[in-house]
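J.: The letter at position 110 of the sequence shown is residue 161 when you use my numbering, and the numbering goes up by one with no holes.
Positions of the beta carbon are idealized from the N, C-alpha and C atoms, including for glycine.
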Amino acid sequence: MRHFLSILLIICLLMGVSCKRAKWTKMEDIDTSIIVKVKGALEAPTISWQGGPVNTVMVSKTEQLREGIWMRKETMWLIIGDTIKSPVTYGNVPQGAMQLGEIKPLKKGVDYCFMVARGDTIGIGRWKYK
52 MRHFLSILLI ICLLMGVSCK RAKWTKMEDI DTSIIVKVKG ALEAPTISWQ
102 GGPVNTVMVS KTEQLREGIW MRKETMWLII GDTIKSPVTY GNVPQGAMQL
152 GEIKPLKKGV DYCFMVARGD TIGIGRWKYK
């Protein structure tokens, strides 16, 4: 996979994983120009973005600590691949991608972060099914 190291770095940053000897990238140096949109039913929301395929799609349960500050609490779904095309439905692994870990059901009233990454460009969308 071409962008595996970039994807791994972004995943480590977003998951709060500590890596010895890792070269850390400052968050302000990461391009966040991908716009992520989430819509649909709680059981299977659709995640879409512009600008072509991505290498990572991650959905996390989040909690707002204070205005503008969010903490990732738990990874709900994570897929990686060389060319994941928009749109993707939660829980459906597109051809050529692979799921890491198990998928967890989404719950009503919980804040979720939907992240996509392409190289060192990311997009983040927040979603809560009310």
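Considering just the uninterrupted stretch of the beta strand (DSSP E) at Q150, what are its terminal residues?
T.: To locate residue 150, count along the sequence shown from 1; it is residue 99. Taken as a continuous stretch (DSSP letters only), the beta strand (DSSP E) holding Q150 covers A148 to Q150.
J.: Taking the beta carbon of S84 as the centre, do at least 16 other beta carbons fall within 10 Å, making it buried, or is it exposed?
T.: Locating residue 84 in the sequence shown gives position 33, counting from the first residue. Exposed is the call here.
J.: Quick check: what's the CA-CA separation for M166 versus S99?
T.: Numbered from 1 along the sequence shown, position 115 holds the residue referred to as residue 166. Numbered from 1 along the sequence shown, position 48 holds the residue referred to as residue 99. Cα-Cα distance, rounded: 10 Å.
J.: For E114 and D171, which I take to be in contact (beta-carbon distance under 8 Å), what is that distance rounded to the nearest angstrom?
T.: Within the sequence shown, numbered from 1, the residue matching residue 114 stands at position 63. Within the sequence shown, numbered from 1, the residue matching residue 171 stands at position 120. That pair is no contact at about 26 Å.
J.: Report the residue from E153, K158, V144 and E125 whose alpha carbon sits nearest the alpha carbon of T134.
T.: Position 83 of the sequence shown, counted from the first residue, corresponds to residue 134. Measuring from the Cα of T134, the nearest candidate turns out to be V144.
J.: Pull the bridge partners of G176 from the DSSP assignment, please.
T.: By 1-based counting over the sequence shown, the position of residue 176 is 125. According to DSSP, which records beta bridges pairwise, G176 is partnered with F165.
J.: Using CA coordinates, which residue listed in L157, A168, K181 and A148 is at the minimum distance from S111?
T.: Here residue 111 refers to the residue found at position 60 of the sequence shown. When only C-alpha atoms are compared, the closest one is L157.
J.: Give me the Cα-Cα distance between T126 and Q150, rounded to the nearest whole angstrom.
T.: Within the sequence shown, residue 126 is the residue found at index 75, counting from 1. Within the sequence shown, residue 150 is the residue found at index 99, counting from 1. The straight-line gap from Cα to Cα measures roughly 12 Å.
J.: Classify G102: buried if its beta carbon has 16 or more other beta carbons within 10 angstroms, exposed otherwise.
T.: Translated into positions along the sequence shown, residue 102 becomes position 51. That one is exposed.
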